[in-house]
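Chemist:
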């Protein structure tokens, strides 16, 4: 039985089909074709308030622990708005529901959550609900932000990930921080969902990492290749 803790900062955008338990959240909901609700959780705090996408260390580290990979993106120098970290801040629940006040850059990542992906995730949950003994739940996870002392305003670099995770438990599971929740990556969608940023020239991919320890080396390699000095999570500059 899957329950959610009040703090929903971990999943910046996620959905789950309630099969065996009623989900308690102030988030909006969508109805599936079988009239079972899919709840859309969106927000950065227990009250649904927004937050900065900077220093998302805890979120990124925990998702990597599930096996989720992150793409390091460097956005174009041309759009002036991209020099402001608030361009990619995490919207509040009310902003998301109203589709108003969402920072322009954030739309890049919300684009990961589209109808086709929602339908796939929903169908996985429906199939499980009809299978005797199936206690899994599937979620779409859309995560982005900087790590440590990365300087987005100077370098325009951040980490982003999109995927579907599977949550299993033998009993009551308070997702995401309960050890009883067994979370694993079901499907990585990052390269597929973020490829449009590269083809449009809005951003380049600086590497793909699966642990926080790989971020510095990936940035070092990218900086050497592009002849840049980029701020690492430690705060030091690439050589």
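Residue numbers (mature numbering (1 follows the signal peptide of the UniProt record, and there is no 0)): -18 to -1, 1 to 221. Yeah, the Cβ is synthetic: ideal placement off N, Cα and C, and Gly gets one too.
1) According to the neighbour-count rule (16 or more other Cβ atoms, all chains shown, within 10 Å of its Cβ), is residue 67 buried or exposed?
2) What's the C-alpha gap between residue -6 and residue 190?
3) What number of angstroms, rounded off, separates the C-alpha of residue 183 from the C-alpha of residue 58?
4) Where does residue 170 land, buried or exposed, given buried means 16+ other C-beta within 10 angstroms?
5) What runs of the alpha helix (DSSP H), each 4 residues or longer, lie entirely inside the segment 111 to 138?
6) Of all the options 153, 34, 215, 78, which has the alpha carbon lying nearest to the alpha carbon of residue 132?
7) Which term fits residue 113, buried or exposed, when burial requires 16 or more other beta carbons within 10 angstroms of its beta carbon?
8) Apply the 10 Å Cβ neighbour rule to residue 81 and answer buried if 16 or more other Cβ atoms are within range, or exposed otherwise.
9) Quick one: using the 10 Å Cβ neighbour count with 16 as the cut-off for buried, is residue 20 buried or exposed?
10) Who are the near neighbours of residue 152 in its chain, counting only those whose CB is closer than 8 Å to its CB and skipping five residues on each side?
11) To which residues does DSSP link residue 148 through a beta bridge?
12) At the level of alpha carbons, what is the spacing between residue 160 and residue 187?
13) Check this for me: beta carbons of residue 52 and residue 143, under 7 Å apart or not?
14) Going by DSSP, which residues form a beta bridge with residue 216?
15) Here's the rule: buried if 16 or more other CB atoms are within 10 angstroms of the residue's CB, otherwise exposed. What is residue 197?
16) What are the residues that DSSP puts in a beta bridge with residue 94?
17) So what's residue 211 in DSSP terms, helix, strand or just coil?
18) Return helix, strand or coil for residue 53, following the three-state DSSP convention.
19) At the level of alpha carbons, what is the spacing between residue 124 and residue 55?
20) Run the CB neighbour count on residue 15, radius 10 Å, all protein chains shown included, and call it buried at 16 or more, exposed below.
21) Please state whether DSSP places residue 190 in a helix, a strand or coil.
22) I need the boundaries of the alpha helix (DSSP H) containing residue 184, first residue and last residue.
23) If you follow the alpha helix (DSSP H) that residue 79 is in, where does it begin and where does it stop?
24) In the DSSP assignment, find the unbroken alpha helix (DSSP H) run with residue 41 in it and report its ends.
Modeler: For this structure:
1) buried
2) Low confidence applies to residue -6: its pLDDT is 37, below 50, so where it sits in the model is not reliable enough to give any reading.
3) 7 Å
4) buried
5) 134 to 137
6) 215
7) exposed
8) exposed
9) A caution first: residue 20 carries a pLDDT of 37, below 50, which makes its placement in the model unreliable, though a value can still be read off. That one is buried.
10) 117, 162
11) 120, 166
12) Between residue 160 and residue 187, the C-alpha separation is close to 33 Å.
13) yes
14) None; residue 216 has no bridge partner.
15) buried
16) In the DSSP output, where bridge partners are listed per residue, residue 94 has none listed.
17) coil
18) strand
19) The alpha-carbon atoms of residue 124 and residue 55 are separated by roughly 14 Å.
20) Only weak support is given to the placement of residue 15: the predicted model assigns it a pLDDT of 36, under 50, and the question is left unresolved by the model.
21) In this structure, residue 190 counts as strand in the three-state DSSP scheme.
22) Residue 184 -> no alpha helix (DSSP H), and no H or E assigned at all.
23) 75 to 80
24) It spans 39 to 48 - the alpha helix (DSSP H) in which residue 41 sits, taken as one unbroken run.
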